Amino acid sequence: MQLGEAREAGHEVAQPGFAGIDWSRPWFAQFATRGQRWQQAALTSYAALLAAMNADAAEMRQTTGRGQRLAFIAQDELPPGAAYEAHIASTGCVPTRHNLHDFFNGSMWFAFPRIKAALNARQSAAIDVLGVGPTRGGVRDTLTLFDENALLFACADPALSAALREFDWQTLLVAGRDAWGASCEVRCFGHALLEKLIAPFKACTGHAWIVDVPSAYFGWDTAARDAWLDESVSTALLDTDALASRMFAPLPVLGIPGWWPENESAAFYDDVSVFRAGRRSR
228 MQLGEAREAG HEVAQPGFAG IDWSRPWFAQ FATRGQRWQQ AALTSYAALL AAMNADAAEM
288 RQTTGRGQRL AFIAQDELPP GAAYEAHIAS TGCVPTRHNL HDFFNGSMWF AFPRIKAALN
348 ARQSAAIDVL GVGPTRGGVR DTLTLFDENA LLFACADPAL SAALREFDWQ TLLVAGRDAW
408 GASCEVRCFG HALLEKLIAP FKACTGHAWI VDVPSAYFGW DTAARDAWLD ESVSTALLDT
468 DALASRMFAP LPVLGIPGWW PENESAAFYD DVSVFRAGRR SR
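Residue numbers (the working numbering): 228 to 509.
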């Protein structure tokens, strides 16, 4: 039966991408407990995925940017002409398609709920002021970049943060690789980035938001670390008046120590088309 015939016959057609999520990958492993349940629901039907997401939302009692209770609705329930972020802020309802992009977007509402609410609050406030035009404007562009492609780079060593900002890959990823897990680490946040990492490629690059953490952070369990990041980053997003894309530092995801077998060889980082000199040459 062809795809069109299946739809005409009323059969639900599962998105093939859902079966391709490898939860053992470091960038997915942090969401695996909930994600595996959602994955099975998504492979069953669109309705089953929305039901699983809403069951978790009801249990968590999460709110969106203006204090509305979080829920997930089918994309076609978004009223014509309504702005996506404004609708979420005013109703709490997140329009969700049956695809990987929105699957990972929904996941972030549970992994980092305060950050998602802060992004929604800032986006909807900007829409209130400027409306929805042909361009988003600088602040909304930065918020969208964060939402779609951010990595959270938690670091207790200023030298490593400086190396990331300065594109000093040898210090950060080769000489300093033993510091990963002890003085710095990364959490994937951007849902478009996670979607791309279904089929990882060497040049896949996230926009790292550097988070200065106390040294004690690396003695905490994962849940405590995530809660600390969620609180710290959401506060920064709400308190920072001027947001700009230069606040991010590009970081090739497969170069993160322990995240890709090939980067065990120092020669992996010799590829200047991926690990570029960047700002150091300016």
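Just so it is clear, CB atoms sit at the ideal spot from N, CA and C, and this is done for glycine as well.
Nothing here was measured: the structure is a model prediction, and the numbers come from that model.
Buried/exposed call for residue i, threshold 16 Cβ in 10 Å
i    : result
F428 : exposed
G262 : buried
V356 : exposed
H434 : buried
R341 : buried
F245 : buried
L291 : Sequence inspection shows Thr at residue 291; the Leu mentioned does not correspond to that position. When all chains shown are included, T291 counts as buried.
V499 : exposed
D374 : buried
A494 : exposed
S492 : exposed
Q266 : buried
D439 : exposed
N490 : buried
E286 : exposed
S442 : exposed
T318 : buried
M395 : Note that residue 395 is Asp in the sequence shown here, rather than Met. Burial call: buried.
A353 : buried
D448 : exposed
A402 : exposed
A430 : exposed
D283 : buried
Q397 : exposed
Same chain, Cβ closer than 7 Å to residue i, five either side skipped, listed in chain order
i    : result
L400 : G482, P484 and Y496
A471 : G365 and T369
I425 : G244, G247, I248 and L327
W250 : A256, A259, G262 and Q263
R404 : P484
A419 : H328, E375 and N376
Own chain residues within Cβ distance below 6 Å of residue i, not counting five before or after
i    : result
Y273 : H325
F339 : D457
P479 : T432 and V501
A236 : With a pLDDT of only 36 at A236, under the threshold of 50, the placement of this residue in the model should not be trusted; the figure read from the coordinates follows. There are no such residues.
R293 : A316
C411 : C382 and L387
Identified DSSP bridge partners for residue i
i    : result
E412 : A381
P322 : I300
W396 : DSSP lists no partner for W396.
Where residue i sits in the DSSP three-state scheme
i    : result
F373 : helix
V501 : coil
H298 : The residue asked about is misnamed: residue 298 is Ala in this sequence, not His. In the structure shown, A298 sits in a strand (DSSP, three-state: E or B).
W265 : helix
W250 : coil
P340 : helix
T260 : helix
G291 : Residue 291 is actually Thr in this sequence, not Gly. The answer is coil: DSSP assigns T291 none of H, G, I, E or B.
Close beta carbons around residue i, own chain, < 8 Å, minus the five adjacent residues each side
i    : result
L305 : Y311, H314 and P322
A344 : Q289, T290, T291, G292 and S461
Any non-hydrogen atom of the ligand PLP within 7 Å of residue i CB
i    : result
A426 : In terms of ligand content, the structure shown is empty, and the ligand PLP therefore cannot be addressed.
Enumerate, from N- to C-terminal direction, the unbroken beta strand (DSSP E) stretches of 3 or more residues contained entirely within the region 421-498.
432-439 and 476-479
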